[in-house]
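Worksheet: the structure to be examined is printed underneath.
Protein chains: 4
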Amino acid sequence: MSRGAEALDLPVWNTASALSWGSRRSNAMAHLDSDVKEESLREDLKFYFMNPCEKYRARHQIPWKLGLQILKILMVTTQLIRFGLSNQLVVAFKEENTVAFKYLFLKGYSGTDEDNYSCSVYNQEDAYESIFYAVNQYHRLKNISLGTVGYGENEENKIGLKVCKQHYKKGAMFPLKETLNIYSDIETDCIYLDLRALSRNSEDWKNSSFFTLEFYRLLQVKISFRLKGIDLQTILSRELPDCYVFQNTITFDNKAHSGKIKIYFDSDANIEECKGLNISGSVQKNTQYVLAFDAFVIVICLASLILCTRSIVLALRLRKRFLKFFLEKYQRHVCNADQWEFINGWYVLVIISDLMTIIGSILKMEIQVKNITNYDLCSILLGTSTLLVWVGVIRYLGYFQKYNVLILTMQASLPKVLRFCACAGMIYLGYTFCGWIVLGPYHNKDVETAGGDQSVHFIAAWDLFVGHLSSQRIIK
Amino acid sequence: MSRGAEALDLPVWNTASALSWGSRRSNAMAHLDSDVKEESLREDLKFYFMNPCEKYRARHQIPWKLGLQILKILMVTTQLIRFGLSNQLVVAFKEENTVAFKYLFLKGYSGTDEDNYSCSVYNQEDAYESIFYAVNQYHRLKNISLGTVGYGENEENKIGLKVCKQHYKKGAMFPLKETLNIYSDIETDCIYLDLRALSRNSEDWKNSSFFTLEFYRLLQVKISFRLKGIDLQTILSRELPDCYVFQNTITFDNKAHSGKIKIYFDSDANIEECKGLNISGSVQKNTQYVLAFDAFVIVICLASLILCTRSIVLALRLRKRFLKFFLEKYQRHVCNADQWEFINGWYVLVIISDLMTIIGSILKMEIQVKNITNYDLCSILLGTSTLLVWVGVIRYLGYFQKYNVLILTMQASLPKVLRFCACAGMIYLGYTFCGWIVLGPYHNKDVETAGGDQSVHFIAAWDLFVGHLSSQRIIK
Amino acid sequence: MSRGAEALDLPVWNTASALSWGSRRSNAMAHLDSDVKEESLREDLKFYFMNPCEKYRARHQIPWKLGLQILKILMVTTQLIRFGLSNQLVVAFKEENTVAFKYLFLKGYSGTDEDNYSCSVYNQEDAYESIFYAVNQYHRLKNISLGTVGYGENEENKIGLKVCKQHYKKGAMFPLKETLNIYSDIETDCIYLDLRALSRNSEDWKNSSFFTLEFYRLLQVKISFRLKGIDLQTILSRELPDCYVFQNTITFDNKAHSGKIKIYFDSDANIEECKGLNISGSVQKNTQYVLAFDAFVIVICLASLILCTRSIVLALRLRKRFLKFFLEKYQRHVCNADQWEFINGWYVLVIISDLMTIIGSILKMEIQVKNITNYDLCSILLGTSTLLVWVGVIRYLGYFQKYNVLILTMQASLPKVLRFCACAGMIYLGYTFCGWIVLGPYHNKDVETAGGDQSVHFIAAWDLFVGHLSSQRIIK
Amino acid sequence: MSRGAEALDLPVWNTASALSWGSRRSNAMAHLDSDVKEESLREDLKFYFMNPCEKYRARHQIPWKLGLQILKILMVTTQLIRFGLSNQLVVAFKEENTVAFKYLFLKGYSGTDEDNYSCSVYNQEDAYESIFYAVNQYHRLKNISLGTVGYGENEENKIGLKVCKQHYKKGAMFPLKETLNIYSDIETDCIYLDLRALSRNSEDWKNSSFFTLEFYRLLQVKISFRLKGIDLQTILSRELPDCYVFQNTITFDNKAHSGKIKIYFDSDANIEECKGLNISGSVQKNTQYVLAFDAFVIVICLASLILCTRSIVLALRLRKRFLKFFLEKYQRHVCNADQWEFINGWYVLVIISDLMTIIGSILKMEIQVKNITNYDLCSILLGTSTLLVWVGVIRYLGYFQKYNVLILTMQASLPKVLRFCACAGMIYLGYTFCGWIVLGPYHNKDVETAGGDQSVHFIAAWDLFVGHLSSQRIIK
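The following block contains the structure:
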């Protein structure tokens, strides 16, 4: 028998040999009743620690749980791929709309964001033009936009732009005396520009006193407006379309007063109920099949959940019996590590995964019938559960002896690896704090290269560590 | 004798020692006839498992096959390089034409494609201009193009553009009521613009009702036309030129309705018979030499094919004799692994490689005389066969004892490596599915970096694994 | 007892066993007094080489130093993060101003520097235009700049630009005869352009003879001016703003006479006293809390410094006692390595770190109250001390036996690693010198790729080296 | 005695023990004369295989050669750095001029080359404009160029442009019949445009029939002209300036007839004698010091060369003596490997390095006094010799025992590494040929990524190999 299998069956043989050793010694004076009980417990223990193949051979028990898990892998992965594809469409629609808005509302947008802001201006003329451009483009939106967007109503149920400027409360700059008076409290001014105001005389609003900016005390200008959009794409896959409300905000940020105004564009997309939308023709035909599939996944996961819970309950009951027997017979407690052997970690993994799949599938069905739109939570639940299900496959590999060796090796070397990471982590933490302060702000460009260097250092240290492990025969 | 050589000759010595051991035991009662037969079989077996050098030393048999293989490596590589160079010209011609078409027909093409589409527009004016620009450029083609292109006839034998637009069947957008009626079925409208229509009044066609696009229900606009071209370059290397038909399609894709129209440019280049082309002067002089070379490659490969097939047939016959003898003498079957030892895997490799080279060379000759133009299949056949031929060189390295150790080590560690990959693959699969859904759509930019990180993780895990192998002395 | 702990306690047990061995031998003839002294010394030595946990167990001594160090890590890291954030603001303000100046004063600045210069011009017209553009933008500064900048006074207390040109003293180029006379000495001409001169007639100054450049003998043109700026951003975090003087220099470098004039932009930012700045409102409220925190850090570091110094003094006294005793008893000197064991390297590390933190904190407090502005020195001191403090954490890991093994392994393999680096370094040095001369100037583009290759070579060599170490069981 | 030192001294002890073993056996019957001779030879042999430190200890011989080598390292590196800096100036001057020419003569040059050509045009109008732009810029050169360039005389001693076009001899394209007649021979037409012709009527020459290009049969247009330039930069470092003749060629390449004309710009810079250049002032002052330094380097290298040659001659003489003695005494030949031990490989390395340094230094001196201008050969000689000198340092490391182990390990594992590379190389060759043909032309973009993957594969294979070596204890 291989060493790997020995290691797995260690608790069994420990206790079993303890039993047999004990039984041999106390054989003569034992009652017949006790002997029968002991034999039955020994049989149950042996059977409990068998793997499905051995169980089948021993009692011709068909491995339902194993079959169910394999079916579950297929189902859960299929479900995840389907959901992933439709989720990707939703995310792509949001992102493409944001990019389109940037092209429409930001003057001189190059197609790629600088750092974390979209673009920047460096002189007063450009600053004014950028602000006016955004307002004008909003006004002309219907004639320029390629998407299915329309004006949305803001919190006050009005259609229009809200322009706010934030500046230090009072301030005066006297160029001759070269003095600057600043009152450090911050004031915010806002005006609303509705479509009528913009249409009446297109250049009138520009001359209002609001748009005379005193840059030396200006903190930021914020243009915010709402747009509505429809994701018609889903019609092609015979699903009902989602309606969106885009809360767009263009921020001209002059907080740094460094001569560079950074322009941020934020677009919060919320999925809302579609009002005033009539879809004729053959829509929503195949939704019911998807719902049936999801329901089937839930049923399977429930079955798996019940079977695994039952296994754990049985194991706990067996442990209780064993502990009692052991206490009666040898008058001592079973050590803690042996007690934990009764709790099969894989079952816990399966139960967690099943619970996540069930909740995720219910969310997915609700999304399908447009009751809720929480794509993010659903994707985290389904994604994580699929990850756990696939990791669980390694367990089945462990049934083959050769793979067992591999898995045991990993288990054995894990504490050493963690210890190495703790040591390296300390040095890395100190290095990061020091490097951030001493080098960080000066050499922004070299960070990437340094990253490459660090990975080389890491590999070098890691190799040394593995060499150390292997020379000590710690990895067996 | 080195351990490496022992391992290779293992079956021989196994069976041989079995024979000798058996013969010693049953010597007394054996007939003379059986002894002679046994001795002859033993000699044949010993000879069969020798390598060419040993064969030469044993029976002064000149290693024709070895010489043929070495000659074949030279020939096949030369042929591949020649074909590769001419194939590259063909591919480069197609690619350069596609790039030139993009510059000619796409307004504002920057020289590099965005993602998988060529460029994109974000407002209505740009969309109209891009469409009109493509049509106008087609009209002026003769005056602007630098290549030897002419108008090609489409399926209906007409010269001109076909513009198609696809949209939802009925639709109405009422800006005041903010409602949208969409009929989910899709309709396609097309018009043909021939050169005459374009010439008559250059701005007339733009005002047709067809070119009034309702973007809110538009799915896509497709402009398709055919162009003819000649690859005159081959005249310089004294070969007949190929004639091409380019089926160009410009697609303005608004399926997402996200405010961004993606412009795709597809150019399908087909090589067709050249009509109306007169080449005077000294062309097609050296084609015959190339054909002769290809024919010679075929002859060599045929010879190699026949010799290897013969070897395999002889080996099978020897196996039959041996099995029969073994059954007669020891009344038991030879084990499966020993039976497989008679089939030399390298010969199978050579036969596959030869067959591919022969088919590839015939294709190459047909391409040379312009009967067919299937460059792709030919390149796959010739390329793969060359790869196999070079991999076959490792076999000859195995004749040297020191290299033999290396090859045997690889053979021994291969199953461990595959097992490691299976385990890592499971985790990787789960991680990929999970990562794609949970992280994928949100952080497109970080994928590259993550790729780098993953390779570091892989190296770290791999090192640990190698350390494990080396500490177990599994790698011998 | 583990081997790790043995190694650490080696000197103790060495000397202790020497003592016990000696004492057993000379027990009979020793005086009672000597025995008591010896016993006391042995006790003290044993106690000295204990770690805090053991000390607590042995004499119930509460580990003040250990607690103090843990508190110090928290405090120092918090302080560093706070300082890092404010330092980053200062650096970002300088950098953003420099970028804004480049956009304002350099014609056709693309946003990224070429190599080490900002941009370049290739013909005479562009050269003149770039110079005039810079001067004009300086004149219009108040109307175009977005920042809080004003004109600064130069060394002569005048406001204006200083334009200098450097050229070979005499020179004549005769286009007809194709001869060139150059006098190799260098001459510098300068003019001052004050705001009045620029305002009077905006195009007048361009026609002065100074701006007729003879490019064949021109070496460089330098435009220098001063600007004042205020970093108002700090008001938001309730701190007093810093005032800056930017000494800007635009250099048109024609030294190479290669037909390419490189344009450099240098901006030296100095923090100066703010004159003529009135900040009203609630500023400088929370400065006192920060100062109190810094003071507390200083107190803690002082305490740690005193405790560690005391430990070292005690250790030196103990060593003296031990040396004297050893000399008396065995009539020989303790070997050097054992003497060094008394000096705890970690204490030295802590003392250095404490001194740096104290000086750094004092500097930080001075910066806080705007007495000095030396951010760089302060960041180096605080950063390095934090690095040392974090590295010191490894020491506490050493108290756990399993980590001890790891640390001892590192100590053992360090000399081998250094030796390997010395060898590799020699080859690398030669390769660098050779590569720089032979390949360097011709293939600038391939340097990056070569860098990648080198790291692969390094990893390959390193692996071989680690394999060597691990096969020799040198890594224990 | 360490194992490393044993290995180095192996031949000595081998032969010495052979001698002693022999001498013991034949002691009785040996003559006194023979004994003295043997003793002297043994002494000489022992001394010969000592390292400098041991020689100093044995006979107090001062290690002149060692000192000389250390001095040489310093001198040669200094010389290389000096030469490298001046060579870099020359290369930078050529490159900057080429870039400046590209900006001046190529219309729409973006600053970076596409692939191997500078830029490309895609329609007829752009093609004409690019050609006319180059000619016009040449005409206006004196007014636009920033460098010290003037018109150069071409082979016929005329100043002007030579424009050549190459096309298929006869050709006709009938747009109506869609036929194309091409005569496959190639014809070249040229015209000369001198400055007078360009000045007379600036637009006249454009209308000549030469500039009516028939693109369907055009192969290429070549514009070539000469420019003169002076590298005045060297005056700053008090050296005489170099004069250059730039042979510029602009090639409009239409050979592919793919609708894309690639524009190549070639600039061959030759250093020629400066005519008509008068430099006044203090030039060429410090040239003599540099020449003296170079002469000193030559002297040192000559000394080193002589000493090493002497050592080799002495070693050969010693070998002869030893061979003769061995033959006389034991009547057998010394094995080949032991004979080779007498030739010290390091001396050969030093001799090669010295010869290269001497030749390189002479070339450098000639360049200094402007007799020759062959910077490339000189840089290869000096660079390679410096590399060899630095590699030679490893030898001195070998004198320390610990480093010796490292070097011996490398020597031992080298054959294994080479063998591994041979095996991997075979697979790589086949893979490269196959990949180039099958994948190469289609997926140009993915080559980089594939490169990254390959390096990961390489590292994985390498690790496995090192693990194999280390598990076999082959690396000792």
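Residue numbers (my numbering), protein chains in the order written: chain P, 43 to 518; chain R, 43 to 518; chain U, 43 to 518; chain V, 43 to 518.
Glycine is no exception: its CB is placed at the ideal position from the N, C-alpha and C atoms.
In this text, all values refer to a predicted model and were calculated from it rather than measured experimentally.
- Scanning chain U for C-beta atoms nearer than 8 Å to the C-beta of Glu138 (chain V) yields Ala298, Ser300, Gly301, Lys302, reported in chain order.
- Around the beta carbon of His102 (chain R), a 10 Å sphere encloses fewer than 16 other beta carbons of the protein chains shown; the residue is thus reported as exposed.
- The alpha-carbon of Lys270 (chain R) is positioned some 49 Å away from that of Phe174 (chain P).
- Take Ala311 (chain U), set aside five residues on each side of it, and the residues of its chain with a beta-carbon closer than 6 Å to its own are Lys136, Tyr286, Phe288, in chain order.
- In this structure, the straight-line span from the alpha carbon of Val411 (chain U) to that of Thr276 (chain U) is close to 13 Å.
- In the displayed model, Arg437 (chain V) falls within a helix according to three-state DSSP.
- Taken atom to atom, the span from the alpha-carbon of Cys350 (chain U) to that of Met468 (chain U) is near 41 Å.
- Interface with chain V (9 Å Cβ-Cβ cutoff): Glu229 (chain U) is excluded.
- When the alpha-carbon of Thr190 (chain R) is set against those of V:Tyr164, V:Thr190, V:Leu365, the nearest one is in V:Tyr164.
- In the same chain as Lys302 (chain R), and ignoring 5 residues on each side of it, the C-beta atoms closer than 7 Å to its own belong to Ser162, Tyr164, in chain order.
- With fewer than three CB-CB distances shorter than 8 Å, the segment 139-158 of chain P does not count as touching the segment 230-238 of chain P.
- Contact annotation: Phe125 (chain V) and Cys377 (chain V) have beta-carbon atoms that are not nearer than 9 Å.
- Listed along chain U, the residues sitting closer than 7 Å to Phe257 (chain P) by beta-carbon distance are Leu188.
- Per the C-alpha coordinates, the member of U:Asn129, U:Asn386, U:Val132 positioned closest to Arg361 (chain U) is U:Asn386.
- Taking 9 Å as the CB threshold, Ile436 (chain U) lines the interface with chain P.
- A distance below 9 Å separates the beta carbons of Thr329 (chain V) and Glu281 (chain V).
- Ser187 (chain P) is bridged by DSSP to R:Asn165.
- Pro94 (chain P) and Tyr438 (chain P) have their alpha carbons spaced roughly 10 Å apart.
- Rounded to the nearest angstrom, the Cβ distance from Gln208 (chain V) to Leu188 (chain R) is 15 Å, too far for a contact under 8 Å.
- Contact annotation, Tyr306 (chain U) with Ser160 (chain U): C-beta distance approximately 6 Å; criterion of less than 8 Å satisfied.
- Arg101 (chain P) carries a helical assignment under DSSP once its states are collapsed to helix, strand and coil.
- Against Leu222 (chain P), the close residues of chain U are Thr190, Ile272, Gly318, Leu319, Asn320, in the order they occur along the chain (beta-carbon pairs closer than 8 Å).
- Contact of Lys406 (chain R) with chain V by beta-carbon distance below 8 Å is absent, the smallest such distance being about 12 Å.
- The shortest C-alpha to C-alpha distance from Val133 (chain V) to any of V:Asp273, V:Asp155, V:Ile414, V:Leu347 is the one to V:Asp273.
- Inter-residue distance for Lys107 (chain U) and Ile342 (chain U) is about 11 Å (C-alpha atoms, whole angstroms).
- In the three-state reduction of the DSSP assignment, Phe442 (chain P) falls in the coil class.
- Bridge pairing for Gly202 (chain V): V:Asp236 [DSSP].
- For the segment 84-116 of chain V, the set of residues with a beta-carbon nearer than 8 Å to any beta-carbon of chain U is empty.
- Against Leu261 (chain V), chain U offers no close residue; the least beta-carbon distance is about 30 Å (beta-carbon pairs closer than 9 Å).
- Assignment of Val376 (chain P) by DSSP, reduced to helix, strand and coil, places it in the coil class.
- Annotation for Tyr286 (chain P): no alpha helix (DSSP H) segment contains it, though the beta strand (DSSP E) segment containing it runs 284-295.
- At a C-beta separation below 9 Å, Ala337 (chain P) has no neighbours in chain R, since its nearest C-beta there lies roughly 20 Å away.
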